[in-house]
Amino acid sequence: MKVLVYADVEAGQPAAVARELVTGARALAGPGGRVDLALFGADPSAAADMGVDRILTLPALAAAPYDPAAHAAALSAAIAAAGPDLVLMGYTTAGLDLGPVVAIRHDLGLVSYCQTARAGDGAVETESQIYGGKLIARAATPLPALLLMNVGAFAEAAPAPGQPEVVTLEAAAPQGLRFIDATAPDPDAVDITRADRLLCVGRGIGEADVIEEAQEVAGLMGAELVGSRPVVDAGWLPKERQVGKSGRRVKPALYLALGVSGAPEHIEGMGEAGLIVAVNTDANAPIFDHAHYGATVDLTDFLPAFRAALEGR
Amino acid sequence: MHIAAILRIVPDQNEELEIDDSGADIDREWIGLKLNEFDDQALEEAVLLKEAAGARVTAVALAGDGAERQLQTAIARGADDALLVDHDIDGIPGARAAAHLLAGPLRDLGADLVLTGVQTPEDVFGQLAPFLAGLLGWPTLNAVHGVSAGAGGLEVVQEYSGGRAARFAVTGPAVLGVQTASRPPRYVSGSKLRQASSATIARAAGALPDGFAAPRIAALAEPARSNRAEMLDGDAEAVAERLAGLLAERGLLGGRE
Amino acid sequence: MTTQLALLLLVAAAGAAFVWRGWRVLAPVLRAPPVARTDHPAARAAFVVQDVGLHRRLLNKRWSGVLHALIFSGFLVLFTAIVQSFGSGLIPGFTLAPIGGNSWIALLQDIFAVLITIGIAMAAWQRLFWRPKRFAGSNSRDAWVIFALVMAVAGTMLLEFACHILATGQWTPWRPVSGAIARGLALAGMGPEGAAAAERVFYWAHILAVLAFLVYIPGSKHRHILTAIPNIYFRNTGPRGALPPPPADAPGVAEIGQFDWKDKLDLISCTECGRCQEACPAYAAGLPLSPKKVVMDLRDHMFARERGEEADLPLIGGVIAPETLWACTTCRACMDVCPVHIEPMTKIVEMRRSLVEEGAVEPMLQDALASLQRNGNSLGKPARQRAKWTKDLGFKIKDARKEPVDVLWFVGDYASYDPRVQRITLKVAEVLHAAGVDFGILYEGEQNSGNDVRRAGEEGLFETLARANIDLLDECDFRRIMTTDPHSLNALRQEYRLFGKDYEVIHYTQLLLELMEAGRLAPAEAEPQVVTYHDPCYLGRYNGGFDAPRALIRRAGHSLHEMGRCRENSFCCGAGGGRIWMDDAAMAERPSENRIKEALALGDARLFVVACPKDTVMYTAAVQALGVGDRIAVRDMIDLVRPDPGVAAA
């Protein structure tokens, strides 16, 4: 099978998710299959060790910031050039921007939120997370197809030094969008990615004043207080304390999740924490599938009790 | 500027979801339905743009349970018009089918900016905004975190993982998948809702291309419970005490600074 | 003759100044939108007698009430002296002597001059040494000016009389005080001639003091001596639990001019006594709301507008902060303690209405209201799960939509959905069932009654909810409605009259009491304890339901140790008026915790008995937050009873 991987780029380098996708692509392509990498926004040399057969590139974009319209045109050219049976992209902003667009353009089947992918008979069999991870949807999609894989679905490929062939593409520069500038996270703001203990509050905390109490408990634990997207969107915590897809990816030794349901977007940001403990009144919350310890007590009861337990030590 | 804000009604995923007898769908008979939360944000952004820069806002929805009420609510919130797109799909069209159904009516409407939510809990087979962009041949930006009207057109902020973001100038028509509006969605008073309940809703017909085969879920399943957390039983005090003990054993309490 | 002319000119000038200053105050009131407040003249007059003549509300604060009674009555009596002074100065030969001006009137004048002095001294003492917190934010300079003027009026009068006695030698037993002063003056060496001169001086000083007072009062809080009577007379005589409708041409008040004339009469009648501030649970919690400040700020803004100032200052967000408006629990305490019947709470709701219409709603309240629009309940739960709690019962509750029932139980949101209250709801169902009550519920057809929705300022949603419930009730066959929730009780009993519905609605405490009296309920098997009881605002203050809960407690064998703030003076738990849905992070002390501390201070009360689902939620949380679960426990009324074993067996 011919698999084309689109590489997200961060800071001029292929992002971790791209290396994950190469792992999956290799497995799906099978022996004798071909794995191509569509790499725009970075120099092909940056991907020399990724273990792909060819790198498809568009020199005009190599040093340019990400532009969805230009990348869509380039990816379209890559698909035309490589004729893949399967296109793999991460379920990232770029995956969202480009995947469905090229799927329409090239009449590819498309499956999103994929957690697993397996080659079937003229089709790709997938398991996707649906309803915020509460259920799994299985589907068999005829080839050619495009998959938006969840970040973390595959392990990152180890560097494999090699000299993949570099194929130069051509695509007309599209009109309609113009990159203005980019903003990186404020370096002075608290860096939750460095904390080794995090206390995370989610939608289930219900009231803003619980934040204060959680803050005090976090202090007792020596932890930073972080939140899931709804809590940050509600303005209860600043953006730099958001964990998850649209926030930060964290990997602390301890992650105590209070009232967090565990949507895939959140799990993406903290699934690799050392010890995950979840407290949520909903026994069916997906967070319990990722936690090491769980409890279904009410937070308004738990917080004061936990605080007392910490103070008692 | 003519903005189309596309609204979708989705099952309330905060509720318990049960798999129906077919094994390929949830049991929808009792499930609560609500406006997709990101569509809520998209509509708010459209109305904010209208207020800031002047625009016509048309709320658009595919015919279905509760769609008319959602459109009336949108008018109460500040949309100028509402358009209900009829179709002959049984049940809720997927994002790709929805894009096909909507593309024609959106062209006829003369909209030059389409805003909708970045995703729904159900769009396993792709997301509406980029599908529509592909069909309309317009650029698309997703995970949008704010749209503002600048001198030379729109300025759109797009978010990436790790807290990064970029600003784009949008000079022509575009489709935006909105994640968060510039301000939280406003409250619409009951009296405005009551007034809007008599608003007229325009209708249009959507059509699928010949031979369109909607992708189907083969089976739904509960997530594998292999990694299920070890549950701590007892009341809050018992759980708290047990947890504090567990953390202390692992050296995850105290001992800092 | 020159004296006469001088006095005439002086009186004319002062009168003109008074009229001019009074007009400036009154003009915005007379220009304001209409409101009907002239019905029931007899009842209105009766209120004036009680609250002005008998000082009913004033005397709730003993010291202040007494000092006010002294000054008030003294003023009435001194009015005779004023008449005499001006009469004799303007009309030659004018005297009150024929009707007792030199006898009993003289005696009264002397006595009441002393009583006024005592009253002023008490007032001064209070302001100087006790400094009640309720005066915080009041204009104390105004108060001192008034004290000084009152003392000047009374003092100059006594001195004038004393000098008169000394000058004329007409010693009379009818003027004991003036006589005593005269003797003092004589001892100090004043002769008849000097006294005659001094009499003229004090006469003019008295005249000037009276006129100064007259000119001063329109711009002072002391104008209440003129506005209090009309303000009390024109008070709202409508049902206590029914909010006035919004202005005819607007969703709410967003502009000072939209307040009706009675609202504005309220504003110019405020004496800044601060009783409302002291009673306000939001103020006590440290939230940015004092009903007194709201009234004063509105008043000052109204006057500023009259002067052509503050034209660009928005009413909401300029004069009154939105946080102030959202802080109100609509407990009604401010309205019920006000000696002159000012209504701060309804003004707050009026302004909330315009905020809601603009969509500028407190974020958490917005979630709740949006859920009410979508699901008919505030908790974000699907409507179909409303009766899910009944699954745990060993029997099926009748569906009142399908079969006739004697008692239609309107369950309410918290009792239906909140896990902390469901236990109580289940127990109520079991007890009624065992006691053989023929009752049913509306299952998933019931929606929030809209009581607090209306108080949050959401008129449109209130109407939607009310009409949905009424449409459903219209299809049901029942004798009376019962609810555990005082908020639902208030809406069903009082607010639904807006839609022409006059249901018989009872609180479950009343039904339980009836059952107890009929021998169908027995006290729960528990040791008699000392308990205290919290009056829910919407059961007590709003609906007069003070006695049934107390009778139940007694019949259940417990002894009731009342908290200081009980019955009409109950202290709100902080949940009403939509507050239960809002963020209470800004509170220094939650009202519910303040209340639990009050109960603990009783020393012997082991149980904190409540009769409202919201109270269960609020006080259970408060006991936990204070960590005093070992000293006091929150119990619902239903926990005090059980089915009579005999009836249950039968």
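Residue numbers (UniProt numbering), protein chains in the order written: chain A, 1 to 313; chain B, 1 to 257; chain C, 1 to 650. C-beta atoms are modelled at their ideal positions from N, C-alpha and C, and glycine is treated no differently.
- Under a criterion of Cβ atoms nearer than 9 Å, no residue of chain B is adjacent to Pro245 (chain C); the nearest Cβ is some 12 Å distant.
- Of all residues in the segment 3-20 of chain B, only Asp12, Asn14 and Glu15 place a beta-carbon less than 8 Å from a beta-carbon of chain C.
- Counting C-beta atoms within 10 angstroms of its own C-beta, Arg631 (chain C) has fewer than 16 neighbours from the protein chains shown and is therefore classed as exposed.
- Going by beta carbons, Gly119 (chain C) and Leu70 (chain C) fall inside the 8 Å limit.
- Among the CB atoms of chain A, none fall inside 8 Å of the CB of Ala13 (chain C).
- Taking CB atoms only, Met618 (chain C) has no neighbour in chain A less than 8 Å away.
- Taking a Cβ-Cβ cut-off of 8 Å, the neighbours of Lys245 (chain A) in chain B comprise Ser161, given in sequence order.
- Bounds of the beta strand (DSSP E) holding Asn142 (chain B) are Thr140 to Gly150.
- Neighbours of Glu207 (chain A) in chain C, taken as residues whose beta carbon is under 8 Å from its own, are Met364, Asp583, Asp584 and Ala585 in chain order.
- Nearest CB-CB separation between Ala621 (chain C) and chain A: below the 8 Å threshold.
- Per the Cβ contact rule, the segment 450-469 of chain C is not in contact with the segment 390-406 of chain C (fewer than 3 Cβ pairs under 8 Å).
- With distances taken between CA atoms, Ala182 (chain A) lies nearest to A:Glu10 out of A:Glu10, A:Val260 and A:Val35.
- When C-alpha distances from Ala25 (chain A) are compared across A:Ile287, A:Pro44, A:Cys200 and A:Met1, the shortest belongs to A:Met1.
- With a cut-off of 8 Å on Cβ pairs, the segment 42-52 of chain A is not in contact with the segment 86-95 of chain A, counting fewer than three such pairs.
- Here DSSP, grouped into helix, strand and coil, assigns Glu249 (chain B) to helix.
- Rounded to whole angstroms, Ala155 (chain A) and Ala625 (chain C) show a C-alpha spacing of 46 Å.
- Listed in chain order, the non-local C-beta contacts of Ala196 (chain C) below 7 Å within the same chain comprise Ala167, local neighbours out to five positions each way being set aside.
- Taking a beta-carbon distance threshold of 8 Å, Trp138 (chain B) counts as an interface residue toward chain A.
- The C-beta distance from Ile116 (chain C) to Gly74 (chain C) rounds to 3 Å, short enough to fall under 8 Å.
- Assignment of Thr93 (chain A) by DSSP, reduced to helix, strand and coil, places it in the helix class.
- Rounded to whole angstroms, the Cβ separation of Asn543 (chain C) and Gly241 (chain C) is 6 Å, and the two are in contact under 8 Å.
- Taking a Cβ-Cβ threshold of 8 Å, none of the residues of chain A is close to Thr73 (chain B); the smallest such distance is about 20 Å.
- The beta-carbon separation of Leu325 (chain C) and Ile348 (chain C), rounded to 5 Å, stays under the 8 Å limit for a contact.
- Between Glu224 (chain A) and Asp186 (chain A), the C-beta gap is not smaller than 8 Å, which leaves the two residues out of contact.
- Close CB contacts of Pro34 (chain C) within its chain, under the 8 Å cut and outside five residues either way in sequence, are with Asp260 and Trp261 (chain order).
- From the beta-carbon of Leu193 (chain B), the residues of chain C found nearer than 8 Å are Gln373, Gly460, Leu461 and Thr464.
- Counting only residues of its own chain and dropping the five nearest sequence neighbours on each side, Arg28 (chain B) has a CB closer than 8 Å to the CB of Pro11 and Asp20.
- Here the segment 106-114 of chain C does not lie against the segment 235-251 of chain C, with fewer than 3 beta-carbon pairs under 8 Å apart.
- Residue contact check for Glu241 (chain B) against chain A: a CB pair falls below 8 Å.
- For Gly137 (chain C) and Leu67 (chain C), the gap between their C-alpha atoms comes out near 21 Å.
- The straight-line gap separating the alpha-carbon atoms of Ile91 (chain C) and Phe234 (chain C) is approximately 37 Å.
- The CB of Ala625 (chain C) comes closer than 8 Å to the CB of Pro304 in chain A, given here in chain order.
- Shown here for Thr23 (chain A): same chain residues with a beta carbon closer than 8 Å to its own, the five before and five after excluded, namely Phe154, Ala155, Glu156 and Ala157 in chain order.
- For Glu212 (chain A), the closest Cβ of chain C is nearer than 8 Å.
- When CB distances to chain B are screened at a threshold of 7 Å, the residues of the segment 254-275 of chain A falling below it are Leu254 and Leu275, in chain order.
- Per DSSP, Gln115 (chain A) lies in no alpha helix (DSSP H) segment; the continuous beta strand (DSSP E) that holds it begins and ends at Gly109 to Ala119.
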